[in-house]
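Heads up, the thing below is written out as structure tokens.
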Amino acid sequence: MASISAMMVLSVILIISCFSFSSSAISKDISFTAPLIHRSSPESPFYNPNATPLDIIKASLRTSSARAKAFGNHKTNKNISSGSIKLPVPRFDRLINNEYVMRYHIGSPPMETYGDADTRSSLTWLQCKGSEERRDDDQPTQLFDPSTSSTYNPVLCGSD
1 MASISAMMVL SVILIISCFS FSSSAISKDI SFTAPLIHRS SPESPFYNPN ATPLDIIKAS
61 LRTSSARAKA FGNHKTNKNI SSGSIKLPVP RFDRLINNEY VMRYHIGSPP METYGDADTR
121 SSLTWLQCKG SEERRDDDQP TQLFDPSTSS TYNPVLCGSD
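So the sequence shown is residues 1 to 160, counted in my numbering.
See the structure below:
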């Protein structure tokens, strides 16, 4: 009789623990984080451990100057038809000219990569496997392989 009651108590504890585990797993928040990393930080893919403080200041001045020049060269054309818009795919060397990069993960399973954390574009570009002919050899991150991601879905131009 004692073994039956012990089994019952054990069963109740097991059921309660399974229920509390599953409800805590369901209530986990889903979030997205993309920490901003200064290019001279040890966390940056561009970190140079041999850079002196003067080197870092000079690099910051170069990136600020390049950014100001990019804004000055930006021209708009109000007579663009929707079918004639072509977006240039920036090379990774554009990222090298930024003061900050963002680290994020993409795909399932997640792959760590770095992106442009700048305000001159509303798009974030990621180079995918299969586009190696345009690969920048200085790119410190691996290419994203859509075929290995269970959450990748191609979206055609003009899709809603």
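Backbone N, C-alpha and C define an ideal beta-carbon position, used for all residues, glycine too.
This structure is a prediction, so every number in the text was calculated from the model and none was measured.
Distance from the CA of Tyr104 to the CA of Gly158, rounded to the nearest whole angstrom, comes to 27 Å.
Counting only residues of its own chain and dropping the five nearest sequence neighbours on each side, Ser40 has a CB closer than 6 Å to the CB of Ile56.
DSSP places Asp55 in the helix class (H, G or I) of the three-state scheme.
When the five nearest sequence neighbours on each side are left out, the beta carbons in the same chain lying within less than 7 Å of the beta carbon of Glu112 are those of Arg103, His105, in order along the chain. In this structure, Pro45 lies near Tyr114, with their beta-carbon atoms less than 7 Å apart. In the structure shown, the three-state DSSP call for Thr151 is coil. Taking 7 Å as the cut-off, the beta carbon of Ser108 is found closer than this to the beta carbon of Thr151. The closest CA to that of Ala59, considering only Thr33, Asn98, Lys69, is found on Asn98.
Your pair Leu126 and Phe144 checks out as a contact, with CB atoms roughly 5 Å apart and the cut at 8 Å. Counting along the chain, Asp116 sits inside the beta strand (DSSP E) bounded by residues 111 to 116.
DSSP places Arg103 inside the beta strand (DSSP E), whose first and last residues are 100 to 106.
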